Amino acid sequence: MNTRGLRSQLKDSVPVAGLCPQGAYGVQDTLRSGFTSVKNELLPSHPLELSERNFQPNQDKMNFSTLRDIQGLHAPLKLQMEYRAARQIQRLPFLQSSNLALDILRGNDESVGFEDILNDPAQSEMMGEPHMMVEYRLGLL
């Protein structure tokens, strides 16, 4: 039996209720997906929110361009490959990963920021089913 064909049939026929905002009965599952607000999805809540959201990518672009000017094209490419490798190191999908290796590469390991204090996974508004999340990540659903 061809398992690849079976996997694609399962993806097409089995709805993933825990990973989509709609629950089994067409109503949003608030326990898994948290509260939603149309206003928060349309506009930023504060004028500085967009600036804060884009701070790290803008900082990376500036560092890469400075590094390219000083050391040549190979230095930012090597650093980008290291960033990509550090981003791939994660825990299981239902556990929050600290991304310590990425913080060390970026130099954020010695600074205390807003996300260090208020990013406690125990206080998260979202809850997921561990088995379903792992199967989705592996492509079984």
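If you use the numbering used here, the sequence shown closes out at 1528, no skipped numbers anywhere. We put the CB at the ideal spot given by N, CA and C, even for glycine. These numbers come from a predicted model, not from an experiment.
Query, Result
"Sequence-distant residues of the same chain with beta carbon closer than 8 angstroms to leucine 1454, five excluded per side", "Ala1462, Pro1463 and Leu1466"
"CB contact flag (aspartate 1503, aspartate 1496, <7 angstroms)", "no"
"Proximity to alanine 1473 [Cα-Cα], best of Pro1434, Leu1482, Leu1479 and Asn1486", "Asn1486"
"For glycine 1494 and leucine 1435, the rounded distance between their alpha carbons", "23 angstroms"
"From Leu1482, Gly1515 and Leu1528, residue whose alpha carbon lies closest to that of aspartate 1416", "Gly1515"
"Where the alpha helix (DSSP H) containing threonine 1453 begins and where it ends", "1442-1458"
"Continuous alpha helix (DSSP H) stretch holding arginine 1493: start and end", "1487-1493"
"Contacting residues, own chain, Cβ-Cβ under 8 angstroms from glutamine 1529 (five flanking each side not counted)", "This structure does not reach residue 1529, given that the chain is present from 1388 up to 1528, and the question cannot be answered."
"Reduced DSSP secondary structure (H/G/I, E/B, other) of aspartate 1496", "coil"
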